[in-house]
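So the number in the numbering used here is just where the residue sits in the sequence shown, counting from 1, plus 817.
Here the structure is laid out as structure tokens; the discussion comes afterwards.
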Amino acid sequence: MENKVRCAWVNSDVLYQDYHDNEWGRPVHDDRHLFEMLILEGMQAGLSWITVLKKRETFREAFDNFDPVVVATYDSEKIEALMTNSGIIKNRLKINSAVTNAQAFLKIQEEFGSFDNFLWAFTDNKPIQNSWQSISEIPAQTDLSDKISKELKKRGFKFVGSTIVYAYLQAVGVVNDHTDCFLHNEVIS
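Here it is in structure tokens:
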């Protein structure tokens, strides 16, 4: 029996534990993965993360493995096909935003060389190491998420409010919010 102390938000679901233990909070520098997480965080709006996590593989299939070059070309026919896919979140605004965000993502890649360069420049290419004493101290948004959200919106992104952006920053390791957790020190880089 495993006796790991995890962040308080992690439940007993093995999929959730695996996501927490092997992905959440670890610094990500791969643009495709950064795009995937940005889209999935937007899809989560109003839902629980486990809902998205359980649909993740189907999302990957439906959204061409989150290749922003392909997603940016989706037309109304593809969007209608996605709206009939019972394995994903069938919200027209969220699906349309994935296409819009892919197009904006490609513009950032063109301007900065990569989305990674754009995102990590906000923290001088270093993860922010928070040391919260309990989960109740972790904010839903911060000055950093406000700033990045504003910049993304200015560049045409949708479903990138400050709360969504902060969850994204946590997920891709821009901020380390592992609290009372065996991984807090491990993900410091």
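For each residue, glycine too, the CB sits at the ideal point set by N, CA and C.
All figures in this text were calculated on a predicted structure; none of them were measured in a lab.
Within the same chain, Cβ atoms closer than 6 Å to the Cβ of I952 are found at A825 and T996, the five residues on either side in sequence being excluded. L986 is positioned such that its CB atom lies closer than 7 Å to that of V992.
Linking I867 to G930 through their CA atoms gives a straight-line distance of about 33 Å.
S962 places its beta carbon less than 7 Å from that of V982. Between D994 and G842 a beta carbon distance of about 7 Å is seen, short of the 8 Å cut, so the two are scored as contacting.
Between the alpha carbons of Q958 and E853 lies a distance of about 21 Å.
The residues I955, D994 and T996, in chain order, have a CB closer than 7 Å to that of W949 in the same chain once the five nearest residues on each side in sequence are set aside. As the crow flies, the alpha-carbon of K871 is around 28 Å from that of W937. Nearest Cα to Y891 within the set V916, F976, K967 and I925: V916. Beta-bridge partners of I945 (DSSP): V992. Look at K821 here: in three-state DSSP terms it is coil, with no helix or strand label.
Residue state for G859 is assigned as helix, using DSSP reduced to three classes.
Across the set K964, Y833, L969 and I905, the C-alpha of L969 shows the shortest separation from the C-alpha of A919. Secondary structure at D884: coil, using DSSP grouped into helix, strand and coil.
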